[in-house]
Amino acid sequence: MGGQPAKIFGEDGKRYGAEDIDQELLARGIDIRDYKDVRLLTCFSASGGEQSLAAKLSARTNVRVKGFEQEIIADYYGIDDEDPFKIYENASAEYKKHYPNLSVRDIHRLAETELNHRLAGRDIQFNVRKDDGREVEVNLGSDEKPVIYKTRVDYQPRTFGKPKIKPVPVKPIEVEMGYSHTVEDARTVLSTRSLTDCSALVVLTDLKDGVYQNRTLMHLKGSNLEFALERQDAYEALQTLNESLANGGKVIFVAGVHSDSTAGLGYILGQEHQGEKPLLDILEKPGVEATIASSVGVEINPDGTFKLIEGTGKGVFDKAMTQEVLDRAR
């Protein structure tokens, strides 16, 4: 090792350091930064501490990288009923049989070429074997110039990067009847219940990294827009939400269990104000993903997924039911 970080042998004998690995994977459409954790399954990948290959890859990508300070032994899983080890062994046996004068090194290279040819283009899964203490032979050189020595397996795994932090469960914010609540973080869950004659409107905008940065849950009292909110004008609030959807977003309307008939929902969504239909306009706004459902309660996650109270209401309306409701509202 000579105090230098380990490198990975690649195609045409190229040695890959942390920057090379990152760039090569990016060129193939794989970004390490898309993953929370990475295992660097190569011998000595954690050797050298903060100067090791694993540490440098973690520093470059800001991703947790697990490496090994000593040698590792890996097992390959079968692919389409083909065992990589058997392919190699069978190829070796065939070459030995037909070309008895070839050297062990040449047989090995031919068998590896056969293995690579058979499995080219396939995703190969493999895992580190847990056999500390086993005596193994390790080639520190290349196929052309092997440097073989015997040692005993002593993995000494080590992880570089930010420590894993178990997320603290977030208690949902309960939106009471006649109130509206907006959050702009990445963790808060919004919830409301007691939807009988009342209904709930959810407006989600500004999707970034899988999270809607602006999320509003409105509990419309009695589903009557004139008296729907206690401390603000519902029509003004709905106009603001409509404008926030200028660049698209997601809207969820949850009817209460006493007003989830097609006729009832059509009436609620078709309520007019100054020649406009605020709820219908929001649901039908271009670029908006709209969902209609009914339940006594709903819980909204930051990523836009939601959970209705099981066993209540009609659940999420299908396309035909949704269209019928919208037609009545028009």
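Residues 880 to 1209 (this note's numbering) make up the sequence shown, in order. Cβ atoms here follow ideal geometry from the backbone N, Cα and C, with glycine treated the same way.
For M1200, three-class secondary structure by DSSP: Counting from one through the sequence shown, the residue named residue 1200 turns up at place 321. Helix.
Whole-angstrom C-beta distance between L1120 and I1161, which should lie under 8 Å: For the purposes of this step, residue 1161 is taken as residue 282 along the sequence shown, with counting starting at 1. For the purposes of this step, residue 1120 is taken as residue 241 along the sequence shown, with counting starting at 1. The Cβ separation is near 6 Å, so the contact holds.
Backbone CA spacing between T940 and K893 [nearest angstrom]: Translated into positions along the sequence shown, residue 940 becomes position 61. Translated into positions along the sequence shown, residue 893 becomes position 14. Taking the straight line joining both Cα atoms gives about 22 Å.
Endpoints, alpha helix (DSSP H) assigned at A1113: The sequence position of residue 1113 within the sequence shown is 234, counting from 1. Unbroken alpha helix (DSSP H) run through A1113: 1113-1123.
Status (buried if at least 16 other CB within 10 Å, exposed otherwise) for K945: In the sequence shown, counting from the first residue as 1, residue 945 sits at position 66. Classification of K945: buried, given that the 10 Å Cβ count is 16 or more.
Reduced DSSP secondary structure (H/G/I, E/B, other) of M1095: For the purposes of this step, residue 1095 is identified with residue 216 of the sequence shown, where counting begins at 1. For the sequence presented, residue 1095 should be read as Thr rather than Met. In this structure, T1095 counts as strand in the three-state DSSP scheme.
Short Cβ contact (7 Å threshold) for D1076 with G1101: Along the sequence shown, read from residue 1 onward, the residue named residue 1076 stands at position 197. Along the sequence shown, read from residue 1 onward, the residue named residue 1101 stands at position 222. It is a contact, given that the beta carbons lie within the stated cut-off.
Three or more C-beta pairs below 8 Å linking the segment 1121-1139 and the segment 1068-1084: yes
Nearest-angstrom Cα separation, counted from E1155 out to R1066: Along the sequence shown, read from residue 1 onward, the residue named residue 1066 stands at position 187. Along the sequence shown, read from residue 1 onward, the residue named residue 1155 stands at position 276. Rounded to the nearest angstrom, the two C-alpha atoms are 35 Å apart.
Buried or exposed by the 16-neighbour rule on C-beta atoms within 10 Å, applied to I909: On the sequence shown, position 30 is the one that residue 909 refers to. So I909 ends up on the exposed side.
Beta-bridge partners of R918, as assigned by DSSP: For the purposes of this step, residue 918 is taken as residue 39 along the sequence shown, with counting starting at 1. K945.
Distance between F1039 and M880 (C-alpha atoms, nearest Å): Position 1 of the sequence shown holds residue 880. Position 160 of the sequence shown holds residue 1039. Interpretation of M880 is limited by its pLDDT of 48, a score under 50 that renders its predicted location unreliable; no figure is taken from the coordinates.
Cβ shell of G1089 (< 7 Å), same chain only, five flanking positions each side left out: As a working mapping, residue 1089 is identified with position 210 in the sequence shown. Taken in chain order, the residues that qualify are D1182.
From Y1058, L1104, G1127, residue whose alpha carbon lies closest to that of Q1092: Here residue 1092 refers to the residue found at position 213 of the sequence shown. Per the Cα distances, G1127.
Alpha-carbon to alpha-carbon, H987 and V1026: Counted from its first residue, the sequence shown places residue 1026 at position 147. Counted from its first residue, the sequence shown places residue 987 at position 108. So the alpha carbons of these two residues sit roughly 15 Å apart.
Buried/exposed call for Y895, threshold 16 Cβ in 10 Å: Stepping through the sequence shown from its first residue, residue 895 is reached at position 16. Y895 is buried by the Cβ-count criterion.
Cβ separation of S1173 and G1192, assumed to be a contact under 8 Å, to the nearest whole Å: Indexing the sequence shown from 1 puts residue 1173 at position 294. Indexing the sequence shown from 1 puts residue 1192 at position 313. Right, their Cβ atoms sit about 4 Å apart.
Contact test: S1070 Cβ vs the ligand MG heavy atom, cutoff 6 Å: Because no ligand of any kind appears in the structure shown, any question about the ligand MG cannot be addressed here.
8 Å Cβ shell around S1070 - same chain, five flanking residues per side excluded: In the sequence shown, the residue the question calls residue 1070 occupies position 191. Cβ neighbours of S1070 beyond the five flanking positions: P1051, I1052, E1053, V1054, L1096, G1176, V1177, E1178, I1179.
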